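Quick note: the sequence shown, position 348, residue 348 per UniProt numbering, numbers continuous.
Glycine is no exception: its CB is placed at the ideal position from the N, C-alpha and C atoms.
Source: prediction; values computed, not measured.
Take a look at the structure set out below.
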Amino acid sequence: MSNTAENLSIDNVIFKGKALIVDDEPTNRLILQAHLSKQGYDIISAVNGVEAVEKFTQESPDIIFMDVMMPEMDGYEATLRIKSLCGDRFVPVIFLTAITDEDELAKCVAAGGDDFLTKPFSHILLKAKVDALERVRDLHREITKHHAQILHDEEVAEQLFSDVVMADNVELDKLHVMLRPAVTFSGDILMSARSPSGELYIILGDFTGHGLVAAIGALPTAEVFRAMTKKGFSLSKILKELNRKLEYLLPSDKFLAVGAISIAADVQSAKVWNGGIPSILHLNSKHEILNRFQATHLALGILDEVDDEKTLHVDLKEGDALVMYTDGVIEACDTNKKMYGEERFEKNLLNSSTDDILINIEKDLISFTGGHVQDDDISMVVIPCTTKLIVDEKEYSVKVIDPDYEHDENSVIHFPASTDANISLEWQWEFNVHSASLKKVDPIPVLLSQIQELEDIHAHRQNLFLIFSELFNNALDHGVLKLDSKMKADPDGFTEYLEQREQRLDKLIDANIEISLEKFTFDNDEYLKIRMKDSGNGFVIDGSVQNLDVNSKLSGRGINLVKELCYYVEYKGKGNEVEVVYQFS
Numbered sequence: 001m002s003n004t005a006e007n008l009s010i011d012n013v014i015f016k017g018k019a020l021i022v023d024d025e026p027t028n029r030l031i032l033q034a035h036l037s038k039q040g041y042d043i044i045s046a047v048n049g050v051e052a053v054e055k056f057t058q059e060s061p062d063i064i065f066m067d068v069m070m071p072e073m074d075g076y077e078a079t080l081r082i083k084s085l086c087g088d089r090f091v092p093v094i095f096l097t098a099i100t101d102e103d104e105l106a107k108c109v110a111a112g113g114d115d116f117l118t119k120p121f122s123h124i125l126l127k128a129k130v131d132a133l134e135r136v137r138d139l140h141r142e143i144t145k146h147h148a149q150i151l152h153d154e155e156v157a158e159q160l161f162s163d164v165v166m167a168d169n170v171e172l173d174k175l176h177v178m179l180r181p182a183v184t185f186s187g188d189i190l191m192s193a194r195s196p197s198g199e200l201y202i203i204l205g206d207f208t209g210h211g212l213v214a215a216i217g218a219l220p221t222a223e224v225f226r227a228m229t230k231k232g233f234s235l236s237k238i239l240k241e242l243n244r245k246l247e248y249l250l251p252s253d254k255f256l257a258v259g260a261i262s263i264a265a266d267v268q269s270a271k272v273w274n275g276g277i278p279s280i281l282h283l284n285s286k287h288e289i290l291n292r293f294q295a296t297h298l299a300l301g302i303l304d305e306v307d308d309e310k311t312l313h314v315d316l317k318e319g320d321a322l323v324m325y326t327d328g329v330i331e332a333c334d335t336n337k338k339m340y341g342e343e344r345f346e347k348n349l350l351n352s353s354t355d356d357i358l359i360n361i362e363k364d365l366i367s368f369t370g371g372h373v374q375d376d377d378i379s380m381v382v383i384p385c386t387t388k389l390i391v392d393e394k395e396y397s398v399k400v401i402d403p404d405y406e407h408d409e410n411s412v413i414h415f416p417a418s419t420d421a422n423i424s425l426e427w428q429w430e431f432n433v434h435s436a437s438l439k440k441v442d443p444i445p446v447l448l449s450q451i452q453e454l455e456d457i458h459a460h461r462q463n464l465f466l467i468f469s470e471l472f473n474n475a476l477d478h479g480v481l482k483l484d485s486k487m488k489a490d491p492d493g494f495t496e497y498l499e500q501r502e503q504r505l506d507k508l509i510d511a512n513i514e515i516s517l518e519k520f521t522f523d524n525d526e527y528l529k530i531r532m533k534d535s536g537n538g539f540v541i542d543g544s545v546q547n548l549d550v551n552s553k554l555s556g557r558g559i560n561l562v563k564e565l566c567y568y569v570e571y572k573g574k575g576n577e578v579e580v581v582y583q584f585s
């Protein structure tokens with residue numbers, strides 16, 4: 001039976017480990033050895049501080065009894081060196097001394113001693129102190145074990161966070177991003193994704209607190225954000241669903257402060273929503289602050305419903321920039337607990353070019369804080385609104401089914417009746433959206449999801465999203481709401497257009513849009529027929545619509561875009577009904 005295994009019983013004595021006795025007096029060592037052997041310790045001896053350090057390195061004892069006054073190296077210096085070699089291990093050191101002066105005893109503790117005994121000592125008191133320090137040592141070992149497990153779990157979670165949440169972000173090479181967690185795992189979250197229409201959605205979130213607990217909602221948040229963006233939901237609808245999900249999942253004291261931005265595919269405008277983070281800033285090319293979008297909404301996960309998910313519209317020009325950051329930036333503290341502050345932040349921001357904002361802020365933060373660990377996560381994103389941010393044509397350009405096909409305005413291609421032998425009808429689906437739903441429901445993702453249940457539309461998803469969006473928005477805006485697209489000819493008019501749209505939607509009473517879908521094959525080719533009919537008076541499709549290549553206005557592109565994508569397009573009746581056929585094959 002080995003004498004090195006813990007909890008081994010020898011003559012009814014439980015083996016407790018190794019004890020190092022350091023004393024230049026042989027008698028003292030023998031007396032102490034007799035007491036400690038009875039308590040279950042194997043004894044290692046040293047006659048001075050130098051030998052004590054050597055024996056500690058060689059034998060790795062579990063507890064040390066240290067004399068103060070010894071030749072070559074005293075107990076103070078030996079203890080300092082031994083403690084520096086302990087690493088994460090807790091090895092108790094009990095000083096044995098005849099000194100009774102309080103200042104000298106205080107030096108024992110300052111050198112790293114955990115307790116002291118004055119000579120001559122009582123064996124009862126010795127046992128009590130040893131038992132007490134053993135409990136502390138065992139607790140330290142348990143805490144160290146749990147801490148190591150926590151660090152391991154956080155590293156795994158951080159890897160999962162990086163792989164699931166961060167890895168799917170897009171356009172990061174065109175954004176300037178700073179993410180500095182207070183601990184291993186950040187409670188801040190940055191997500192970016194392109195919608196089927198090419199809009200760039202960017203969300204910067206700050207969960208309550210920091211660390212693993214604070215970031216417990218990161219995975220479901222990323223899942224909802226990416227799934228809904230891919231399906232074509234608006235930023236407003238995504239925020240509404242995120243709030244519902246987080247309110248259900250998170251404890252009552254946890255929530256997510258959010259800044260959200262949607263940038264149009266042509267980078268001429270953006271939509272902004274602030275729910276609890278510091279002001280989102282809009283800068284121009286002269287480094288002036290044009291707009292401050294303050295937090296006018298509550299953070300997500302507090303209320304059952306978002307207080308107002310409507311976004312704010314902002315026009316953009318080449319060279320503009322949008323800046324979002326979490327409160328960890330301005331609440332970073334120096335060694336005197338003084339905060340970095342909004343004033344210093346904005347001064348650095350306005351004195352920097354767009355490309356240097358993040359670098360200068362980060363350098364100044366490190367200088368200000370002295371580089372010490374902060375109490376909160378620090379996150380910031382600068383979005384340069386330049387042509388570089390326009391959607392990548394290889395990924396988001398219009399995919400024309402037949403590039404050689406030319407539309408003839410005077411000749412509409414009609415298919416034979418569905419009873420024709422060459423026509424094979426596979427499925428039909430239709431629904432009617434009435435006034436109450438027109439005010440709050442975006443049916444485009446519903447349409448795509450319905451088709452996806454029946455067909456593999458991965459390669460066609462973006463095209464179908466654009467077709468549905470243009471047809472439905474035309475039916476709603478111009479047919480039902482009677483809005484004039486000429487209002488969108490300039491940025492100011494576009495803002496007025498959006499305001500009137502909201503007002504007319506609020507007052508909408510008796511209106512509807514009928515939508516029907518029909519999948520069929522003809523001569524071995526697959527087609528989707530889409531029909532939309534609104535309850536409005538119809539609108540005129542005139543010659544003001546320009547070719548897509550030369551039209552850079554904020555309006556007038558939709559109908560030609562649909563014509564480019566579809567096999568044919570036909571407006572019927574008084575202009576309130578449209579029928580298009582899209583070719584899959």
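Check: residue i C-beta below 8 Å from any heavy atom of the ligand ADP
i: Thr296; result: The ligand ADP is absent from the structure shown, which contains no ligand whatsoever.
Integer Cβ distance of residue i from residue j, believed to fall under 8 Å
i: Ile82; j: Phe56; result: 5 Å
i: Val581; j: Lys529; result: 5 Å
i: Thr386; j: Glu318; result: 6 Å
i: Asp62; j: Val22; result: Contact doesn't hold; Cβ gap of about 14 Å is too wide.
i: Glu453; j: Lys519; result: At roughly 12 Å, the Cβ-Cβ gap does not stay under 8 Å, so Glu453 and Lys519 are not in contact.
i: Leu242; j: Phe207; result: Their Cβ separation, rounded to whole angstroms, is 12 Å, which puts Leu242 and Phe207 out of contact at 8 Å.
i: Asp442; j: Lys237; result: 6 Å
i: Leu466; j: Leu561; result: 6 Å
i: Leu20; j: Ile44; result: 5 Å
For residue i, the nearest candidate out of the options (CA to CA)
i: Asp88; options: Ile357, Lys529, Arg141 and Gly113; result: Arg141
i: Lys38; options: Lys127, Pro443 and Thr326; result: Lys127
i: Asp307; options: Gly276, Asn291, Gly319 and Pro196; result: Gly276
i: Val329; options: Gln294, Met380, Asn360 and Asp442; result: Met380
i: Ile378; options: Ile124, Gly205 and Thr97; result: Gly205
i: His313; options: Leu235, Pro196, Lys230 and Lys388; result: Leu235
i: Thr369; options: Glu346, Asp334 and Trp427; result: Asp334
i: His372; options: Leu350, Asp173, Ala332 and Leu389; result: Ala332
i: Lys107; options: Gly40, Ala78 and Glu309; result: Ala78
i: Lys129; options: Leu298, Val391, Ser197 and Asp114; result: Asp114
i: His123; options: Leu36, Lys231 and Pro71; result: Leu36
i: Gln374; options: Thr354, Asn360 and Asp327; result: Asp327
i: Val293; options: Pro278, Ile509, Ser516 and Asn284; result: Correcting the residue type first, residue 293 is Phe in the shown sequence and not Val. Comparing Cα positions, the closest option is Pro278.
i: Glu309; options: Leu125, Asp103, Gly40 and Lys240; result: Lys240
i: Asp42; options: Lys18, Asp131 and Ile383; result: Lys18
i: Lys245; options: Lys254, Lys231, Phe233 and Val224; result: Val224
Classification of residue i by the beta-carbon crowding that lies within 10 angstroms, buried from 16 upward
i: Met69; result: exposed
i: Gln462; result: buried
i: Met324; result: buried
i: Pro403; result: Residue confidence is low: Pro403 scores 36 on pLDDT, short of 50, so the model does not pin down where it sits. Its coordinate-derived value is still stated next. Its Cβ having fewer than 16 others within 10 Å, Pro403 is exposed.
i: Asn576; result: buried
i: Glu579; result: buried
i: Lys439; result: exposed
i: Asn474; result: buried
i: Lys92; result: One detail in the question is off: residue 92 reads as Pro in this sequence, not Lys. Answer is buried; the Cβ neighbour count reaches 16.
i: Arg226; result: buried
i: Gly543; result: Residue confidence is low: Gly543 scores 42 on pLDDT, short of 50, so the model does not pin down where it sits. No coordinate-derived value is stated.
i: Val109; result: exposed
i: Trp427; result: exposed
i: Leu172; result: exposed
i: Leu118; result: The question names Leu, but residue 118 is Thr in the sequence shown. With fewer than 16 Cβ atoms within 10 Å of its Cβ, Thr118 is classed as exposed.
i: Asn274; result: buried
i: Tyr248; result: exposed
i: Ala218; result: buried
i: Val258; result: buried
i: Leu151; result: exposed
On the three-pair Cβ rule with 8 Å, is the segment 199-207 touching the segment 263-278? yes
Contact the segment 337-350 vs the segment 131-148: 3+ CB pairs below 8 Å: no
Pick out the complete beta strand (DSSP E) segments inside the segment 211-264, 3 residues or longer, and give them in chain order. As summarised for the segment 211-264, the continuous beta strand (DSSP E) elements at least 3 residues long and confined to that stretch are 256-263, given in chain order.
Complete alpha helix (DSSP H) runs within the segment 302-348 (minimum length 4 residues, chain order): 327-330
Counting only runs of 3+ residues fully inside the segment 127-190, write out the beta strand (DSSP E) ranges in chain order. 176-180
Residue ranges of each beta strand (DSSP E) within the UniProt domain "Response regulatory" (18-134), 3 or longer: 41-46, 63-67, 93-97 and 115-118
Does the contact criterion of 3 or more C-beta pairs under 8 Å hold for the segment 173-192 versus the segment 156-165? yes
Would you mind listing the alpha helix (DSSP H) stretches within the segment 416-454 that are 4+ residues and don't spill past its ends, in chain order? 435-438 and 443-454
How do the segment 173-180 and the segment 354-370 stand: do at least 3 beta-carbon pairs fall below 8 Å, yes or no? yes
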